[in-house]
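Protein sequences, first through last, are from chains A and B. Counting with this note's numbering, you get residues 72 to 179 for the letters of the first sequence. Counting with this note's numbering, you get residues 72 to 179 for the letters of the second sequence. A virtual CB, placed ideally from N, CA and C, is assigned to each residue, including glycine. Keep in mind that this is a model prediction, so the values were computed, not measured. Working notes for the structure below.
Protein chains: 2
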Amino acid sequence: MSRPARHVFVCTQQRPPGHPRGSCAAKGSTQVLQTFWAELQKRNAYEKVAITYSGCLGPCDSGANVLVYPEGTMYSGVTPADVPEIFNEHLENGKTVERLLAPPELWS
Amino acid sequence: MSRPARHVFVCTQQRPPGHPRGSCAAKGSTQVLQTFWAELQKRNAYEKVAITYSGCLGPCDSGANVLVYPEGTMYSGVTPADVPEIFNEHLENGKTVERLLAPPELWS
């Protein structure tokens with residue numbers, strides 16, 4: 072891919088059932104990732120947005136976690152239903168989706 | 072983790088042997104990742120640097136690929152021996168390691 076204007080990392084970390092930290096995968100992050108990829112295709116936004124899955128981003132309790140660079144914006148508790156809003160507001164227009172921001176004690 | 076000043080993504084994508092695109096894992100990226108984590112620990116740099124593995128970053132032919140945000144700097148052909156230099160120059164001092172930059176036709 073060419074260098075994107077914005078790069079989305081979706082945590083898809085898995086952990087065994089019952090693990091005390093839980094995981095983003097257990098909170099549905101694979102579906103979040105698939106929804107980001109589907110939106111990318113629908114919008115044909117390959118020249119300006121990249122979507123990549125990643126290992127653990129830290130605040131496992133509040134997953135599914137999605138991190139957007141270059142801003143370094145961490146969204147938490149993301150569901151597939153939130154993905155179009157993140158695309159419309161942040162990825163295409165540079166506006167933070169305040170309601171999904173990770174708590175400042177976890178990422179600031 | 073708290074928000075890092077610099078965030079390193081190491082591609083650890085795997086593909087089956089003989090796959091035409093190859094993969095960063097086949098080019099030793101797991102060892103690169105382990106070396107980054109070992110340097111992070113050695114330098115106790117957890118407050119300013121994060122190291123995360125990721126899925127495919129694009130230029131598979133020139134792996135192992137390492138992407139540093141917020142700059143969006145892509146290094147290619149990275150080996151474990153290169154990791155201390157990336158730490159010293161880029162992660163701790165903000166200077167690009169020119170000799171490891173991905174070719175501009177792949178990332179610009």
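Query	Result
Beta carbon of LEU162/B nearer than 8 Å to that of ARG77/B	yes
Beta-ladder partner(s) of TYR124/B, from DSSP	VAL81/B
LEU104/A - containing alpha helix (DSSP H), residue span	100-114
Sheet register partners of TYR146/A (DSSP bridge)	VAL137/A, LEU172/A
C-beta neighbour in chain A for TYR140/B, strict 8 Å	yes
Three-state secondary structure assigned by DSSP to HIS90/A	coil
With 16 other Cβ atoms within 10 Å as the buried cut-off, status of LYS98/A	buried
Selected residue, minimal CA-CA separation from TYR124/A, among PHE80/B, PRO141/B, ASP153/B	PHE80/B
Simplified DSSP assignment, three categories, for ALA194/A	As displayed, chain A neither begins before 72 nor continues past 179, which places residue 194/A out of reach and without an answer.
Reduced DSSP category for PRO130/A - H, G, I as helix; E, B as strand; rest coil	coil
Buried versus exposed call for GLY89/A [16 or more other C-beta atoms within 10 Å across all chains shown]	exposed
Three-state secondary structure assigned by DSSP to LEU162/B	helix
Beta-carbon contacts of LEU172/B that lie in its chain and below 6 Å, excluding the five residues immediately before and after	none
Distance between beta carbons of VAL103/B and THR150/B, contact taken as under 8 Å	7 Å
Coarse secondary structure for GLU156/A, derived from DSSP in three states	helix
Pairwise C-alpha distance: SER94/B and ALA135/B	8 Å
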